[in-house]
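Heads up: the structure comes next, in structure tokens.
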Amino acid sequence: MATAVASSARTTSNRNPWPGVIALAFGASIAALQNTAVVPLLPVLQRELDTSLAAVSWTLTLSLLVSAVATPLLSRFGDMYGRRTMILGALALLVIGSVMAALATSLAWLLVARVLQGAVAALVPLSIGVVRDVLPRQQLATGIGVVSATMGFGAGGGMILAGLAAGDWHLVFWIMAGISLVAAIIVAFLVRDHAPAVRARPDLLGAALMAAWLVALLLGISEGGSWGWTSPGVLGLFAAAALLAAVWVLVERRVAEPLVEMSMLVHRGTVGATVASMLLGFAFFTILTGMSGFAQSPVSGLSASALEVGLYLLPSTLFMLVISLFAGRLMRVFQASTMVAAGSGVTGLAALWLVYMHDTPAHLYVAASLMGVGLGVGYAALGTMAVEHVDPGKTAVAAGVNALVRIVGGSTSGAVIAAILAAQPGVTGYQWVFGVATAAGAVATVFATVYGRLNRRHVTAV
225 MATAVASSAR TTSNRNPWPG VIALAFGASI AALQNTAVVP LLPVLQRELD
275 TSLAAVSWTL TLSLLVSAVA TPLLSRFGDM YGRRTMILGA LALLVIGSVM
325 AALATSLAWL LVARVLQGAV AALVPLSIGV VRDVLPRQQL ATGIGVVSAT
375 MGFGAGGGMI LAGLAAGDWH LVFWIMAGIS LVAAIIVAFL VRDHAPAVRA
425 RPDLLGAALM AAWLVALLLG ISEGGSWGWT SPGVLGLFAA AALLAAVWVL
475 VERRVAEPLV EMSMLVHRGT VGATVASMLL GFAFFTILTG MSGFAQSPVS
525 GLSASALEVG LYLLPSTLFM LVISLFAGRL MRVFQASTMV AAGSGVTGLA
575 ALWLVYMHDT PAHLYVAASL MGVGLGVGYA ALGTMAVEHV DPGKTAVAAG
625 VNALVRIVGG STSGAVIAAI LAAQPGVTGY QWVFGVATAA GAVATVFATV
675 YGRLNRRHVT AV
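Numbered per the working numbering, the sequence shown spans residues 225 to 686.
Structure follows, in structure tokens:
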């Protein structure tokens, strides 16, 4: 285990910590925004870069994959060199990646830029770690709720940004670069990190193995429909994914300071939040990507522009914003597990609505509203549910694991959508897409409810 260089108690300060918390919440919202802003741009990128939809979808999937690896890795670096330093570093990579993406003229260039942007996902666990250090215990749930809820708001805001830019993807990334730079400046002035540094070793082998098995798995899923599910290529990818995953688990169980603590994934105090987070992330990106693709597709009868897609999703952003403003009050009234269960259920209801009701813009507005309510409530409580039964010394680890599984869930959505639409094109294919998201929301509700009841007594993760 990591050992503290300076064994000091929590540093106290007369400064009001809330401006720093708000600054971190702003940064967390941008971490989500940079992914969702790409979703309505996929058809535009396909056309302007003259490539296939499967190829251009990797601009989203690759960023999420990088996020999955960077989240625990930068969280560990945050323990070693300071969370504030890593937060500023991640924002700097986002600025650089956004400028590169704005200047990109080819898919390869754009993918490199998206790799840099993906590192910003680590802001969420890093920010939660800072919040736990600077806020008094009685305000902690409110602080984590604010950071988590604004992440949902930022996710909706990305779709609006793409719409307001009228599908001009160069402009979208220029705006993203400007917003990220502003966030970095605000964080630099307002955020202080009082946690003592620790001696640790980054698990680079674990990070490489995790990236390898995720790429193999997602590539196999996304190409299954076009290559054939029993083709040597797809079966080989699945076999490679299984082998690499098994080796990764062995490495993580043996290394002194693993990238992901396996015990944190399966312990009774955290497993409910882990599964709910993964499924809620999957449901969110599946609904979001499915709605955007369906609305812009001729099969929907809507043939919407990127701006119209942004307007269809505007209710989700507004609901997330309103709920984020009341996140603190909600967290004081309701248990975190109850909120996650309710949010997952409403998110699943949004997907179920789209299975049967999708013919007019009004139906999309209703689904977007339900999704906004569900994600606003669920995201506000996910961070607290992930850490409330964890020893304070492992808050950052638990928050990082929770963010990791949410990102992994989201990253699989693009591959699953591609596989479904390849096997069943047209309206029926999209109905299956939304049906899968419905099932994910329902299962997340069950896990959050069951483990919320099991953990009424205080449970500490090992």
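Each residue gets a CB set at the ideal place from its N, CA and C atoms; glycine is no exception.
Since the model is a prediction, treat every value here as computed from it, not as a measurement.
### Message
Please report the distance separating the alpha-carbon of Thr513 from that of Val660.
### Response
Across the structure, Thr513 and Val660 are spaced so that their CA atoms are roughly 13 angstroms apart.
### Message
Checking 7 angstroms against the spacing of the C-beta atoms, do Glu476 and Gly430 come in under that value?
### Response
Yes, the Cβ-Cβ distance between Glu476 and Gly430 is below 7 angstroms.
### Query
With burial defined as no fewer than 16 other Cβ atoms inside 10 Å of the residue's Cβ, what is the status of Ser351: buried or exposed?
It counts as buried.
### Task
Compute every distance between the C-beta of Gln559 and the non-hydrogen atoms of the ligand MG, then say whether any falls below 6 angstroms.
In terms of ligand content, the structure shown is empty, and the ligand MG therefore cannot be addressed.
### Query
Do Ser322 and Met400 have their CB atoms nearer than 7 angstroms?
Yes, they are a contact pair.
### Query
How should Thr541 be labelled, buried or exposed, when 16 other C-beta atoms within 10 angstroms of its C-beta is the threshold for buried?
Buried, by the Cβ-count rule.
### Message
Does the contact criterion of 3 or more C-beta pairs under 8 angstroms hold for the segment 295–307 versus the segment 386–397?
### Response
Judged by Cβ distances under 8 angstroms, the segment 295–307 makes no contact with the segment 386–397, as fewer than three pairs qualify.
### Query
Under a three-way DSSP split, which group does Leu489 fall into?
Leu489: helix per DSSP, three-state reduction.
### Query
What three-state label does DSSP hand Leu626 in the structure shown?
Residue identity check: residue 626 is Asn in the sequence provided, not Leu. Here Asn626 sits in helix by DSSP.
### Query
What residue range is occupied by the uninterrupted alpha helix (DSSP H) comprising Ala346?
Unbroken run through Ala346: none, as it is neither H nor E.
### Message
For Gly633, tell me which candidate among His587, Gln648, Phe508 and Ala337 has the shortest Cα-Cα distance.
### Response
Among His587, Gln648, Phe508 and Ala337, the Cα nearest to that of Gly633 is on Phe508.
### Query
Any idea if Pro649 is buried or exposed, counting beta-carbon neighbours within 10 angstroms, 16 or more meaning buried?
Result: exposed.
### Message
Just to confirm the assignment, what range does the alpha helix (DSSP H) spanning Met304 have?
### Response
Its alpha helix (DSSP H) spans residues Trp282 to Tyr305.
### Query
CA-CA distance, Gln363 and Thr454?
Spanning the two alpha carbons is a distance of roughly 54 angstroms.
### Query
Alpha carbon to alpha carbon, how far is Gly448 from Leu318?
Straight-line spacing of the CA atoms in Gly448 and Leu318 works out to 32 angstroms.
### Glu272, DSSP secondary structure in three states
Helix at Glu272.
### Message
So, for Ala551: in the same chain, excluding its five sequence neighbours on each side, which residues have a beta-carbon less than 6 angstroms away from its beta-carbon?
### Response
Non-local beta-carbon contacts of Ala551 in its own chain, meaning distances under 6 angstroms to residues more than five positions away in sequence, involve Gly369, Val370, Ala373 and Ala604 in chain order.
### Query
If you draw a straight line from the C-alpha of Val657 to the C-alpha of Ser635, how long is it?
The alpha-carbon atoms of Val657 and Ser635 are separated by roughly 15 angstroms.
### Query
Does the distance from the CB of Ser516 to the CB of Pro349 come in under 7 angstroms?
Not closer than 7 angstroms, so no.
#### Entry: Distance between Val245 and Thr571 (C-alpha atoms, nearest Å)
Their backbone Cα atoms lie some 27 angstroms apart in a straight line.
### Task
Run the CB neighbour count on Tyr654, radius 10 Å, all protein chains shown included, and call it buried at 16 or more, exposed below.
Buried is the call here.
### Query
How many angstroms separate the CA atom of Trp282 from the CA atom of Arg239?
The C-alpha of Trp282 lies about 44 angstroms from the C-alpha of Arg239.
### Query
Got a sec? Which residues, its chain only, sit under 7 angstroms from Ala233 by beta carbon, not counting five neighbours each side?
Caution applies to Ala233, whose pLDDT of 39 falls short of 50 and renders its modelled position unreliable; the model cannot decide the point.
### Task
Counting only the same chain and skipping the five closest in sequence on each side, list residues whose C-beta sits under 6 angstroms from that of Phe518.
Contacts found: Ser524 and Tyr654.
### Query
Is Asp417 near Arg307, with beta carbons less than 7 angstroms apart?
The Cβ atoms of Asp417 and Arg307 lie closer than 7 angstroms to each other.
### Query
Which word fits Phe250, buried or exposed, when buried means at least 16 other C-beta atoms lie within 10 angstroms of its C-beta?
It counts as buried.
### Message
Once DSSP output is grouped into helix, strand and coil, what is the label at Glu532?
### Response
When DSSP states are grouped into helix, strand and coil, Glu532 belongs to the helix group.
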